[in-house]
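Student: First the structure, then my questions, so here it is.
Chains as they are written, first to last, in our numbering: chain A, 229 to 472; chain B, 229 to 472; chain C, 229 to 472; chain D, 229 to 472; chain E, 229 to 472; chain F, 229 to 472.
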């Protein structure tokens with residue numbers, strides 16, 4: 229399940245296209261796009277709302293899938309979903325960072341907008357990975373639309389990758405943000421390892437499915453006991469109440 | 229504004245009672261109870277949903293108040309609210325920890341259920357205060373109901389406070405969880421400083437109001453640009469869209 | 229009690245003026261200026277000596293006051309005073325940082341002299357708040373006197389505030405150093421939240437008084453047992469010896 | 229390539245058996261056992277020597293394989309190999325920890341001998357993952373041989389897993405050490421997610437191969453320039469000298 | 229210069245006796261005992277006062293010596309002295325920790341009174357060495373006097389050393405507190421490396437003298453500019469005013 | 229024992245020359261140069277191999293010496309040697325950092341090649357000293373040979389020292405890398421304390437010898453039990469097998 233918490237279908241499609249390139253033989257990808265929320269999530273407040281929508285989307289479709297990829301940077305609803313559902317749930321930011329840990333000592337993010345920087349830094353801090361983090365690089369210049377940003381800033385971002393490696397000491401560079409899906413594969417002359425987050429997320433979701441972690445019945449991620457709720461969507465409400 | 233994201237009115241009333249005891253002259257307390265969500269939030273998944281409800285409640289009532297206290301432990305929706313609204317927003321866990329920093333070197337939590345422990349630890353980590361943290365103590369024994377837990381475990385929790393100070397090296401003990409509101413004031417013979425989170429939150433909300441931090445128009449907490457949303461409550465939708 | 233460990237009366241007066249602006253109704257401010265020590269503390273060695281003077285000043289006047297603000301940046305004698313006396317003691321640097329924690333994710337300091345930078349960094353480290361810290365910004369240019377530095381560098385410091393937010397990623401900026409008291413209130417167009425340390429310290433001292441933390445008789449801040457001393461001022465000696 | 233730096237062939241065989249269980253369709257496993265060094269590596273000094281042997285083994289066989297798993301706990305030679313060779317190299321301890329990050333907040337190790345504890349702790353520290361670490365649990369009792377330790381301590385280790393979750397707050401438990409390969413799959417009633425390191429390493433090696441990180445020509449993991457060496461094995465010497 | 233900031237001459241004598249055992253050929257030890265302050269420093273408040281006394285003692289005698297050892301645990305006045313004087317100044321706690329870093333991965337403290345525990349922990353934190361720290365062990369039982377505590381608790385402390393190594397994972401154990409001077413040398417059968425702080429301090433002071441670090445005229449430890457003071461002892465006042 | 233793991237005899241000679249300048253009366257220096265390995269170690273992979281050579285060199289000569297200095301930056305084989313042998317073993321990087329801790333709050337490295345930077349940063353991280361670390365400064369310009377680099381970059385490095393103090397806030401600067409041995413002593417006008425690593429290592433090795441830490445028989449650095457090995461040099465093999 230490739231779950232895009234943003235409402236933009238084109239974004240889902242381009243991420244699904246990239247994702248299929250790394251899928252292992254025998255696996256199938258089911259893409260879903262949020263039907264409520266926001267066109268493109270880009271603030272803590274939007275992520276708070278979108279995270280609840282993510283939970284409902286998984287509740288609706290979980291019987292059709294073996295593992296879930298939350299395909300929005302910042303991983304809205306990730307920890308809540310991991311607590312609530314028995315199947316593996318993986319986020320793009322988390323999967324990209326975790327993959328980077330296996331490629332070098334320190335990783336950087338390069339992304340397309342300064343506005344995203346604090347959010348990325350917070351992802352790193354939430355994951356407890358600051359000691360492996362070499363910083364975020366963002367362009368000085370703006371762009372027209374998230375649909376075309378990958379073309380618009382192609383050369384600018386390539387220079388930022390170079391700077392992240394040479395000036396910031398990164399061994400691995402993550403090209404962050406759904407609109408940059410597949411860009412890592414296009415920089416064939418990069419000076420160090422690059423990570424494409426959607427590829428990393430799909431690959432790690434498969435890895436988790438293969439390792440079969442069982443749902444916890446003790447500890448911090450134990451499934452919460454049944455609880456009635458008010459004003460919640462049907463599928464999510466049933467999940468909270470253990471009646472699904 | 230005393231905003232209880234739990235749906236239990238009795239809990240709001242007992243917190244409001246305690247809060248009035250520390251209110252400064254001239255201040256008024258407006259308590260609100262969530263009308264959707266859960267009777268009592270106690271998991272990450274419930275907090276994800278409740279955080280979105282918190283945003284809507286503030287969007288509805290923000291013109292009537294000068295500052296907001298989110299009165300549920302774990303502070304659901306806190307950072308999102310701080311980003312979205314111009315008035316000060318304070319959480320119980322955060323205010324309790326921050327107040328504890330001014331009373332001693334290391335603080336502990338004592339609470340009524342082992343189930344809450346990872347959540348508290350995550351609050352400390354999210355606040356970046358691990359180096360001032362001496363741990364969480366929870367009782368071995370259970371209890372009948374959150375309405376009466378403060379009486380049921382009165383002696384048990386007093387012993388845990390003692391242990392937190394003597395064995396864990398805490399200088400300050402926070403009695404965490406809405407059902408323990410006011411308990412700190414009742415342990416008159418405590419060996420070290422105690423913090424009642426609802427008192428701390430109200431006091432810090434007043435302090436923030438007095439210091440008049442202005443809403444950011446740059447940086448990580450800059451108000452997000454106007455954005456249309458789908459399927460959101462009216463007041464919150466208007467706030468996201470800057471049409472309120 | 230507004231306790232200025234510097235001997236400069238004018239500095240006490242200007243801080244008292246600012247402090248009165250945030251005092252809650254019914255509170256009174258008693259300003260005191262050190263009568264020994266240094267005109268203006270600006271090194272570790274001077275703070276070592278001034279900290280002992282702070283202890284004596286509190287010992288002399290503690291029966292007239294409900295809470296103490298140590299009004300010199302770097303908070304000389306703060307932890308020692310918190311250990312030795314039963315009433316709340318708050319430092320300017322500590323109160324400013326703690327207040328900043330409630331306004332955003334990361335805070336910076338802007339101050340008037342490069343010479344102060346390591347001292348501020350040490351304050352952050354001593355408080356264990358490095359993960360919330362975005363750095364110190366100081367001007368390249370000098371100034372004539374601490375009495376007029378606020379006017380002299382008014383525009384220069386405003387630019388540094390801007391840079392701290394935009395380049396360093398600070399959500400909150402603390403305008404540090406007694407000579408900058410009240411400056412935060414004058415930058416009405418700041419891009420993010422500003423903190424005036426003397427205002428923060430007075431506000432937090434009131435908050436602490438309202439929360440009534442009791443003096444510890446166990447743990448790290450337990451009052452030390454009675455001890456005779458040689459060569460100490462009368463009031464302080466009596467406090468050490470429990471004969472006051 | 230499943231590279232066992234220990235000289236014990238039986239250990240290689242049992243790890244290869246477990247590894248095949250998680251291999252994705254189309255992948256083939258080539259196991260190799262060290263022909264010099266030690267029967268079973270269990271100290272820093274032995275790992276220093278074995279790490280050099282690992283480099284030579286990869287130098288000999290790298291043209292036959294797409295990715296390398298270093299199958300000894302403690303990951304001897306891992307970072308050096310990652311620097312020296314163009315194909316992905318993954319260690320058991322590192323892969324297990326990284327996989328655990330995607331399953332819960334905090335992970336623990338359970339292993340069969342107290343003697344291994346400091347080594348595991350050092351692995352966590354070297355990976356910068358202390359903030360996600362809940363500790364190591366080892367049995368009080370001894371065992372006859374590493375060949376049979378999995379049977380001998382089957383019940384004892386199961387209890388330690390339980391304690392790691394309930395008492396230490398682990399969300400995920402890693403069953404560490406080559407002799408415990410496959411044990412995670414046998415505890416079908418575990419209270420939380422378990423990780424089998426050899427399964428994790430094979431799965432992550434496949435993931436890395438699929439993500440195609442390119443060898444660095446800048447940064448910390450840039451391939452070292454050609455250099456002559458004295459007294460080194462032929463294949464490794466050729467690699468250092470870029471003549472292979 | 230062996231500077232004892234405690235007023236107890238017997239303590240100075242026993243430390244001097246131990247110190248002479250590790251002095252290198254050609255070096256001479258000049259012991260001094262504080263003539264004001266406290267018989268035995270054991271709180272933050274006492275250390276604040278004693279630190280100022282330390283500065284004056286160094287100011288008086290610095291022309292007779294090549295290096296200074298501050299011989300009280302907790303190192304009162306250490307950083308201030310390092311800033312103010314041109315000769316090397318070494319503290320007992322700091323020298324013991326730094327020496328321990330060269331003997332193993334993690335160090336513990338064993339001392340004679342629970343009361344000292346938070347102070348030791350604060351020394352570790354102030355030195356930024358928490359990641360190398362395995363904890364403090366103190367006896368459950370009391371003792372008659374600091375003069376005889378080393379005999380009284382000889383066996384009890386030996387057991388604590390054992391526990392620090394076996395249960396806490398310490399590679400090195402520091403026997404902390406002036407009254408335990410020389411005890412490390414008496415435990416000839418210790419399971420791991422032991423550090424005697426006064427021996428470490430004298431040895432490190434000699435090392436520093438040999439390395440000849442020059443007094444800083446820039447940076448955080450730059451000598452402070454001349455400043456007049458009020459109410460300070462003659463020698464110290466002259467030092468502050470650069471008139472000595 | 230001054231053990232140079234690099235094969236360059238001239239480097240050993242110049243380090244021995246500097247080392248003799250700080251040797252205490254009565255001590256003798258025995259220099260040894262590696263006879264296998266590399267002319268100059270400058271990568272993780274080379275250090276992995278050289279570390280094993282270091283162990284064999286100590287095994288061969290340990291009966292002739294009282295303490296060992298591993299005289300290559302990055303300290304190859306240090307922890308393994310400390311585990312395997314009963315006499316004190318000190319590394320250049322570690323000794324320089326530890327000495328710097330006694331001279332100021334934060335230390336920097338200045339070295340001659342950008343290529344070394346990640347290695348130094350890793351040394352700091354491995355030692356757990358990040359909180360005391362102010363960064364590495366390396367020249368923009370290149371040089372002809374390590375034999376003459378000290379002359380070639382004399383002025384360039386002096387400027388970097390200045391920048392490390394003034395811009396990075398270092399209190400102490402370590403001039404890292406064997407080819408810079410003795411340079412610290414030549415910058416007589418440095419703005420802050422400088423550390424020459426070979427001088428620091430020799431001085432600390434003497435200090436350790438004087439403190440007589442005994443070899444551990446418990447804990448993380450306990451001597452490993454006897455073990456047979458295959459393909460190892462005679463002296464090292466005998467040490468592993470306890471037959472020397």
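Glycine residues also receive a C-beta, built at the ideal position from the N, C-alpha and C atoms.
In this text, all values refer to a predicted model and were calculated from it rather than measured experimentally.
Cα separation between residue 271 (chain B) and residue 346 (chain B)?
Tutor: So the alpha carbons of these two residues sit roughly 10 Å apart.
Student: When the distance is taken between beta carbons, is residue 282 (chain B) closer than 7 Å to residue 264 (chain A)?
Tutor: Not closer than 7 Å, so no.
Student: Quick one: residues in its chain with C-beta nearer than 6 Å to the C-beta of residue 324 (chain A), no 5 flanking neighbours on either side, listed in chain order?
Tutor: Excluding sequence neighbours, residue 324 (chain A) sits near 402, 423, 425, 428.
Student: Evaluate contact between the region 330-350 of chain E and the region 359-370 of chain E, counting only Cβ atoms and requiring at least three cross-stretch pairs below 8 Å.
Tutor: As far as the Cβ criterion goes, the region 330-350 of chain E touches the region 359-370 of chain E, which means the pair count is three or higher.
Student: Give a yes or no on whether the C-beta atoms belonging to residue 335 (chain D) and residue 293 (chain D) are separated by under 7 Å.
Tutor: Going by C-beta atoms, residue 335 (chain D) is not nearer than 7 Å to residue 293 (chain D).
Student: Using 8 Å as the threshold, is the region 248-257 of chain B in touch with the region 430-448 of chain B, meaning 3 or more CB pairs across them?
Tutor: Touching, yes.
Student: What's the gap between the Cα of residue 353 (chain D) and the Cα of residue 359 (chain E)?
Tutor: Their Cα atoms are separated by approximately 9 Å.
Student: Pick from A:393, A:385, A:315, A:418: whose alpha carbon is nearest that of residue 191 (chain A)?
Tutor: There is simply no residue 191 (chain A) to check, as chain A begins at 229 and stops at 472 in what is shown.
Student: Taking the C-alpha atoms as reference points, what is the distance between residue 355 (chain C) and residue 269 (chain C)?
Tutor: Going by the C-alpha atoms only, they are around 20 Å apart.
Student: Mind pulling the chain F residues with CB within less than 8 Å of residue 397 (chain A)?
Tutor: In chain order: 345, 346, 349.
Student: In chain E, what lies closer than 7 Å to residue 460 (chain C) by C-beta?
Tutor: The answer, in chain order, is 277.
Student: Residue 336 (chain B) bridges to which residues according to DSSP?
Tutor: DSSP, once it has assigned bridges, lists B:401 as partnering residue 336 (chain B).
Student: Closest by CA to residue 259 (chain B), which one among B:471, B:397, B:297, B:332?
Tutor: Out of B:471, B:397, B:297, B:332, B:297 has the C-alpha closest to the C-alpha of residue 259 (chain B).
Student: So is residue 300 (chain C) buried or exposed if we call it buried at 16+ other beta carbons inside 10 Å?
Tutor: Buried: at least 16 other Cβ atoms inside 10 Å.
Student: Measure the C-alpha to C-alpha separation of residue 376 (chain E) and residue 404 (chain C) and round it to an integer number of angstroms.
Tutor: Using only the alpha carbons, I get a separation of about 49 Å.
Student: Which residues in the same chain have their Cβ closer than 6 Å to the Cβ of residue 464 (chain C), if we skip the five residues on either side of it in sequence?
Tutor: Excluding residues within five positions, the ones whose Cβ falls inside 6 Å are 283, 284, 287.
Student: Are the C-beta of residue 431 (chain B) and some C-beta of chain C separated by less than 7 Å?
Tutor: Answer yes: the Cβ-Cβ gap between residue 431 (chain B) and chain C drops below 7 Å somewhere.
Student: Verify the CB distance criterion: does residue 414 (chain D) have a CB-CB separation below 7 Å to chain A?
Tutor: No - not a single Cβ of chain A is within 7 Å of the one on residue 414 (chain D).
Student: Considering Cα atoms alone, identify which of F:438, F:437, F:387 is closest to residue 420 (chain F).
Tutor: Checked all of F:438, F:437, F:387; the closest Cα to residue 420 (chain F) is F:387.
Student: Can you name the residues of chain D whose CB is closer than 7 Å to the CB of residue 392 (chain B)?
Tutor: Near residue 392 (chain B) there are no residues of chain D at all, since even the closest Cβ is about 17 Å away, more than 7 Å.
Student: Going by DSSP, name the residue or residues bridged to residue 421 (chain E).
Tutor: DSSP output for residue 421 (chain E) lists E:400 as bridge partner(s).
Student: What number of angstroms, rounded off, separates the C-alpha of residue 452 (chain D) from the C-alpha of residue 311 (chain D)?
Tutor: Approximately 8 Å, taken between the alpha carbons.
Student: Do you know how far the Cα of residue 381 (chain E) is from the Cα of residue 411 (chain E)?
Tutor: Cα to Cα, the separation comes out at about 11 Å.
Student: Between the C-alpha atoms of residue 231 (chain F) and residue 389 (chain F), what's the straight-line distance to the nearest angstrom?
Tutor: Cα to Cα, residue 231 (chain F) sits roughly 28 Å from residue 389 (chain F).
Student: For residue 393 (chain F), is the classification buried or exposed, using 16 other Cβ atoms within 10 angstroms of its Cβ as the cut-off for buried?
Tutor: With 16 or more other Cβ atoms within 10 Å, it is buried.
Student: For a quick check, are the C-beta atoms of residue 280 (chain F) and residue 338 (chain D) less than 7 Å apart?
Tutor: Cβ distance not < 7 Å, so residue 280 (chain F) and residue 338 (chain D) don't count as in contact.
Student: With 7 Å set as the bound, which would you pick, yes or no: does the beta-carbon of residue 271 (chain D) sit closer than that to a beta-carbon of chain F?
Tutor: Cβ-Cβ to chain F under 7 Å: yes for residue 271 (chain D).
Student: Only counting the same chain, and skipping five residues up and downstream in sequence, which positions put a Cβ closer than 8 Å to that of residue 241 (chain F)?
Tutor: Cβ within range, chain order: 259.
Student: Just the C-alpha distance for residue 414 (chain C) and residue 229 (chain E), rounded to the nearest angstrom, thanks.
Tutor: Going from the Cα of residue 414 (chain C) to the Cα of residue 229 (chain E) covers about 52 Å.
Student: Could you tell me the boundaries of the alpha helix (DSSP H) in which residue 449 (chain D) lies?
Tutor: From DSSP, residue 449 (chain D) is part of no alpha helix (DSSP H); its letter is neither H nor E.
Student: What residues match up with residue 319 (chain F) in a beta bridge as DSSP calls it?
Tutor: Per DSSP, F:298.
Student: Would residue 266 (chain C) count as contacting chain E if we go by Cβ distances under 7 Å?
Tutor: Output row for residue 266 (chain C): interface = yes.
Student: To be precise: take each residue of the region 349-374 of chain E, compare its Cβ to all Cβ atoms of chain B, and keep it if any distance is under 8 Å. Which residues remain?
Tutor: The region 349-374 of chain E vs chain B, Cβ under 8 Å: 349, 350, 353, 358.
Student: Since I believe residue 447 (chain B) is in contact with residue 397 (chain C) (beta carbons under 8 Å), could you give me their beta-carbon distance rounded to a whole number of angstroms?
Tutor: Indeed, because the Cβ distance is near 7 Å, the residues count as touching under 8 Å.
Student: Can you tell me where the alpha helix (DSSP H) holding residue 382 (chain A) begins and where it ends?
Tutor: Unbroken alpha helix (DSSP H) run through residue 382 (chain A): 382-394.
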